[in-house]
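Working notes, structure below.
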Amino acid sequence: MATNGYSNGGSTKGKPIKCKAAVAWGPGEPLVMQEVEVAPPARMEVRVKVLYTSICHTDLSFWRGENERQRRFPRIFGHEAAGVVESVGEGVEDLAPGDHVVPIFNGECGTCAYCHSSATNLCGTYRVDAFKSTMVSDNGTRFSVVNTSGDTVPVYHFLNTSTFAEYTVLDAACAVKINPAAPLEKMCLLSCGISTGVGAAWNTANVSKGSTVAIFGLGAVGLAVSQLRTCDHHAEKNL
């Protein structure tokens, strides 16, 4: 799914942006394409123009709201995407307007004990938490929308990303700068499906050359595993 062109932040920096988003108003209810307001990024946050986004089964599971902890609505789902930084908040030094990025739901602060551990990459601050629906800095949201009663209400975040919108706000730790020559329509898959499949084979299962493996399911994750032989130049890792 692609959206329109982007602004480089010249006229919108520091100001709210009104744009379209697919808003989920309740568990299992159809997503509503409507106008939302996206606040400027706070300290250590970035606002990103989403150019491409895809859907993952995790979005579907939480849209259904199958348990009470999942039911934070209205909400904007989506976590596989690619886009361009529109503006950055105070303190952000490694990203700038115009940078091409992919959002990640498993960011790293780079300073905590978990980030410095060789045994895990689950940061104590930005680790994946599908139940978290607000920003790290102030437990607030950066989205708002007018409901059917005419009241302006907050819209909750999802997986630190919320990419089913033309603009989204991310913690800077949850945005990864990529080569601007890389095709964004393909890079969006790196946010979850492709990296999950590759990581499962290389890091978790530690598959070695000559191994016989079984891949259960050929969705995006399974297909990523099946393609390792064609994309990996390190012979010892070939399946």
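Using UniProt numbering, the first residue of the sequence shown is number 1, and each one after it goes up by one. The beta-carbon is built from N, C-alpha and C at its ideal position, and this holds for glycine as well. Note that the structure is predicted; figures quoted are calculated from it, not measured.
How close, in whole Å, do the beta carbons of residue i and residue j come, if the pair is a contact with beta carbons under 8 Å?
{"i": "VAL46", "j": "GLY83", "result": "VAL46 to GLY83, Cβ: 10 Å. No contact."}
{"i": "GLU185", "j": "ALA21", "result": "Incorrect: roughly 20 Å between the Cβ atoms, too far for contact."}
{"i": "HIS79", "j": "LYS177", "result": "Rounded, the Cβ-Cβ distance is 18 Å, inconsistent with contact."}
{"i": "ALA189", "j": "SER54", "result": "The question names Ala, but residue 189 in the sequence shown is Leu. Correct: roughly 6 Å between the Cβ atoms."}
{"i": "MET135", "j": "ASP94", "result": "Not really, about 19 Å apart at Cβ, beyond 8 Å."}
{"i": "ARG72", "j": "SER137", "result": "Actually they are not in contact, since the Cβ atoms of ARG72 and SER137 sit about 18 Å apart, beyond 8 Å."}
State yes or no: is the beta carbon of residue i nearer than 9 Å to at least one beta carbon in chain D?
{"i": "ALA224", "result": "The structure shown has no chain D; it contains just one protein chain."}
How is the beta strand (DSSP E) around residue i delimited, first residue to last?
{"i": "ARG47", "result": "45 to 54"}
{"i": "VAL38", "result": "32 to 38"}
{"i": "VAL198", "result": "Note, VAL198: premise wrong, no beta strand (DSSP E); alpha helix (DSSP H) at 193 to 199."}
{"i": "ILE17", "result": "17 to 24"}
Terminal residues of the continuous alpha helix (DSSP H) containing residue i?
{"i": "GLU185", "result": "184 to 187"}
{"i": "VAL221", "result": "220 to 226"}
Alpha carbon to alpha carbon, how far is residue i from residue j?
{"i": "PHE105", "j": "SER195", "result": "12 Å"}
{"i": "VAL225", "j": "VAL146", "result": "43 Å"}
{"i": "LYS15", "j": "VAL88", "result": "12 Å"}
{"i": "THR163", "j": "ILE76", "result": "7 Å"}
{"i": "VAL155", "j": "ALA220", "result": "29 Å"}
{"i": "ASP129", "j": "CYS123", "result": "11 Å"}
{"i": "ALA235", "j": "LEU218", "result": "With a pLDDT of 47 at ALA235, under the threshold of 50, the modelled position of this residue cannot be trusted, and the question is left open."}
{"i": "HIS157", "j": "VAL207", "result": "36 Å"}
{"i": "ARG43", "j": "THR120", "result": "27 Å"}
{"i": "SER144", "j": "MET187", "result": "28 Å"}
{"i": "PHE32", "j": "THR212", "result": "Note that residue 32 is Val in the sequence shown here, rather than Phe. In a straight line, the C-alpha of VAL32 is about 46 Å away from that of THR212."}
{"i": "GLY150", "j": "CYS19", "result": "18 Å"}
{"i": "PHE216", "j": "VAL198", "result": "14 Å"}
{"i": "VAL23", "j": "GLU35", "result": "9 Å"}
Measuring alpha carbon to alpha carbon, tell me which of the options ends up nearest residue i.
{"i": "PRO183", "options": "LEU51, THR141 and PHE216", "result": "LEU51"}
{"i": "GLY222", "options": "ASP99, GLY89 and GLY193", "result": "GLY193"}
{"i": "THR111", "options": "TRP202, ALA173 and HIS157", "result": "ALA173"}
{"i": "THR161", "options": "ALA81, MET33, TRP25 and GLN34", "result": "ALA81"}
{"i": "GLY28", "options": "THR58, HIS116 and TRP63", "result": "TRP63"}
{"i": "LYS13", "options": "CYS56, ALA96, TRP25 and GLY26", "result": "ALA96"}
{"i": "GLU86", "options": "ARG142, TRP202, SER117 and SER11", "result": "SER11"}
{"i": "THR141", "options": "THR58, THR125 and LEU159", "result": "LEU159"}
### Every unbroken beta strand (DSSP E) inside the UniProt domain "Alcohol dehydrogenase-like N-terminal" (45 to 178) [3 residues or more]
For the UniProt domain "Alcohol dehydrogenase-like N-terminal" (45 to 178), whole beta strand (DSSP E) runs of length 3 or above, ordered along the chain, are 45 to 54, 80 to 88, 100 to 103, 143 to 146, 152 to 155, 167 to 171 and 175 to 177.
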